[in-house]
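Engineer:
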Amino acid sequence: MGTAPLPAPSNKRGVFRREGGASWKRRSRLPVAAGAMSEGRPLRLLGLHGYRQSERRFRQRTGALRKALRGRAELVAVSAPHTVPGSSEDDDGDDPPRGWWFSGPGTFEAGEVAAAPAGLEESLSAVAAALAEHGPFDGLLGFSQGAALAAMVCALRARGDPRFPVAFAILVAGFISRAPAHGHFYREPIALPTLHVVGDADAVIAAPLSRELAQHFVEPVVLTHPGGHFVPAAAPQKKAYLDFLDRFCPGQGQAEPPGAGAV
1268 MGTAPLPAPS NKRGVFRREG GASWKRRSRL PVAAGAMSEG RPLRLLGLHG YRQSERRFRQ
1328 RTGALRKALR GRAELVAVSA PHTVPGSSED DDGDDPPRGW WFSGPGTFEA GEVAAAPAGL
1388 EESLSAVAAA LAEHGPFDGL LGFSQGAALA AMVCALRARG DPRFPVAFAI LVAGFISRAP
1448 AHGHFYREPI ALPTLHVVGD ADAVIAAPLS RELAQHFVEP VVLTHPGGHF VPAAAPQKKA
1508 YLDFLDRFCP GQGQAEPPGA GAV
């Protein structure tokens, strides 16, 4: 993409910073959460879960985050349209594990260069339907494969796709799809404000993969934490989330000025 590598974290508690020099508001021509600002309501985030999760499982695993965002943002999750085949200890007849797309027949590996990925278009349609039927939403919050999908939605939104009226995204443990058929999502820098959450000890989606995704965005904000493959919500991360969200709903909290440094 021609962008310089992202700097290494400056400490182990977490880093919250804007990459690059100019403000995104000047660089992006997209509306910024106008609904929440004009209506005086909390921001609304559409949550996209990880592979082998579901709306219910994601909700259970983000309780601390939802508590941290209380009064500032509401997180509403949606289940992926594809059931992951096969049985395991994670299976639940009433709530089977789901995925957004497959890199092989009924399987998924984030690093696989899939020749024939399947299911993505159905998932994009499901996200568009959720935004239309349960909106308005101001932004997206994706985890793992859900973060990878959210990045694709951001790319389409930045190109003006009317199906995805969101102003920003929080991408936790995200990555780029290695499938050649998905390469078009990353050909141009994605001009939508994003917060990328990177776990230094993530053994599922290694930190360099999430940093690689961040490089495909115009002036991404990167938050590092010392943990693994989960959505962190301890005090340093809570501050980072709120600082980022305050930029889209001023007056509901103490937003830091553009270019805020380390937490």
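When we follow this note's numbering, the leftmost residue of the sequence shown carries the number 1268, and every step to the right adds one. Built from N, CA and C at the ideal position, the CB exists for glycine as well.
#1: For Phe1404 versus Leu1476, is the C-beta distance shorter than 9 Å?
#2: Taking the beta strand (DSSP E) that Ala1436 belongs to, which residues open and close that run?
#3: If you follow the alpha helix (DSSP H) that Gly1330 is part of, which residue opens it and which one closes it?
#4: Can you say whether Gln1412 is buried or exposed, counting buried as having 16 or more other CB atoms within 10 angstroms of its CB?
#5: Would Leu1535 pass as a contact of Leu1342 if the rule is Cβ separation under 9 Å?
#6: Determine the contact status of Arg1424 and Leu1459, defining contact as a CB-CB distance below 9 Å.
#7: When we look at the beta-carbon of Glu1389 and count the other beta-carbons within 10 Å, is it buried (16 or more) or exposed?
#8: Starting from Glu1341, trace the beta strand (DSSP E) both ways and give me its first and last residue.
#9: Nearest to Tyr1318 by alpha carbon, out of Gly1495, Val1471, Thr1491 and Ala1507?
#10: Among Gln1504, Ala1347 and Ala1473, which one has its Cα closest to the Cα of Ala1396?
#11: Short check: CB of Leu1512 to CB of Leu1336, under 9 Å?
#12: If you draw a straight line from the C-alpha of Tyr1453 to the C-alpha of Ala1422, how long is it?
#13: Please work out which residues of its chain come closer than 8 Å, Cβ to Cβ, to Pro1384, disregarding the five sequence neighbours upstream and downstream, and give them in chain order.
#14: Between the C-alpha atoms of Gly1338 and Ala1382, what's the straight-line distance to the nearest angstrom?
#15: Name the one or two DSSP bridge partners that Gly1314 has.
#16: Quickly, what does DSSP pair His1492 with across the bridge? List them, please.
#17: Smallest Cα separation from Glu1376: which of Gly1402, Gly1494 and Ala1415?
#18: Can you tell me where the alpha helix (DSSP H) holding Val1351 begins and where it ends?
#19: Please classify Phe1431: does DSSP put it in a helix, a strand, or coil?
#20: Quick one: Cα of Ala1507 to Cα of Pro1352, how far?
#21: Under DSSP, the alpha helix (DSSP H) around Arg1478 begins and ends at which residues?
#22: Is it right to say Val1420 is buried, meaning 16 or more other beta carbons lie within 10 angstroms of its own, or is it exposed?
#23: Helix, strand or coil for Phe1369, going by three-state DSSP, please let me know.
Structural biologist: By the coordinates alone:
#1: Position 137 of the sequence shown, counting from 1, holds the residue named residue 1404. Position 209 of the sequence shown, counting from 1, holds the residue named residue 1476. Not in contact: Phe1404 and Leu1476 (Cβ atoms no closer than 9 Å).
#2: Counted from its first residue, the sequence shown places residue 1436 at position 169. Annotation: the continuous beta strand (DSSP E) that includes Ala1436 extends over Phe1435 to Val1439.
#3: Position 63 of the sequence shown, counting from 1, holds the residue named residue 1330. Where Gly1330 is concerned, the enclosing alpha helix (DSSP H) stretches over Gly1330 to Ala1335.
#4: As a working mapping, residue 1412 is identified with position 145 in the sequence shown. Classification for Gln1412: buried.
#5: There is no way to answer for residue 1535, as the model of the chain reaches only from 1268 to 1530.
#6: Within the sequence shown, numbered from 1, the residue matching residue 1424 stands at position 157. Within the sequence shown, numbered from 1, the residue matching residue 1459 stands at position 192. Using a Cβ distance threshold of 9 Å, Arg1424 and Leu1459 count as a contacting pair.
#7: Counted from its first residue, the sequence shown places residue 1389 at position 122. With fewer than 16 other Cβ atoms within 10 Å, it is exposed.
#8: The residue you call residue 1341 lines up with position 74 of the sequence shown. Start and end: Ala1340 to Val1345.
#9: Here residue 1318 is taken as the residue at index 51 of the sequence shown, counted from 1. Of the listed residues, the one whose Cα sits closest to Tyr1318 is Val1471.
#10: Taking the first residue of the sequence shown as 1, we reach residue 1396 at position 129. When only C-alpha atoms are compared, the closest one is Ala1347.
#11: Taking the first residue of the sequence shown as position 1, residue 1512 is located at position 245. Taking the first residue of the sequence shown as position 1, residue 1336 is located at position 69. Yes, these two residues count as a Cβ contact at 9 Å.
#12: Position 186 of the sequence shown holds residue 1453. Position 155 of the sequence shown holds residue 1422. Near 7 Å, if we compare the C-alpha coordinates of Ala1422 and Tyr1453.
#13: Residue numbering aside, residue 1384 sits at position 117 when the sequence shown is read from its first letter. Close CB contacts of Pro1384 within its chain, under the 8 Å cut and outside five residues either way in sequence, are with Trp1368, Phe1369, Ser1370, Ser1444, Ala1446, Ala1448 and His1449 (chain order).
#14: Reading the sequence shown from its first residue, position 71 is the one you call residue 1338. Reading the sequence shown from its first residue, position 115 is the one you call residue 1382. When rounded, the distance between both Cα atoms is 44 Å.
#15: Within the sequence shown, the letter at position 47 stands for residue 1314. Bridge partners of Gly1314 according to DSSP: Ala1344 and Leu1408.
#16: Here the question's residue 1492 lines up with position 225 in the sequence shown. Beta-bridge pairing links His1492 to Gly1466.
#17: Numbered from 1 along the sequence shown, position 109 holds the residue referred to as residue 1376. For Glu1376, the nearest C-alpha among the options comes from Ala1415.
#18: Taking the first residue of the sequence shown as 1, we reach residue 1351 at position 84. Neither: Val1351 is in no alpha helix (DSSP H) and is coded neither H nor E.
#19: Here residue 1431 corresponds to residue number 164 of the sequence shown, with the count starting at 1. Here Phe1431 carries a coil assignment [DSSP, helix/strand/coil].
#20: Within the sequence shown, numbered from 1, the residue matching residue 1507 stands at position 240. Within the sequence shown, numbered from 1, the residue matching residue 1352 stands at position 85. Going by C-alpha positions, Ala1507 is about 37 Å away from Pro1352.
#21: For the purposes of this step, residue 1478 is taken as the residue at position 211 of the sequence shown. Segment Ala1474 to Ala1481, the alpha helix (DSSP H) holding Arg1478.
#22: To locate residue 1420, count along the sequence shown from 1; it is residue 153. Buried, by the Cβ-count rule.
#23: Position 102 of the sequence shown holds residue 1369. Residue state for Phe1369 is assigned as strand, using DSSP reduced to three classes.
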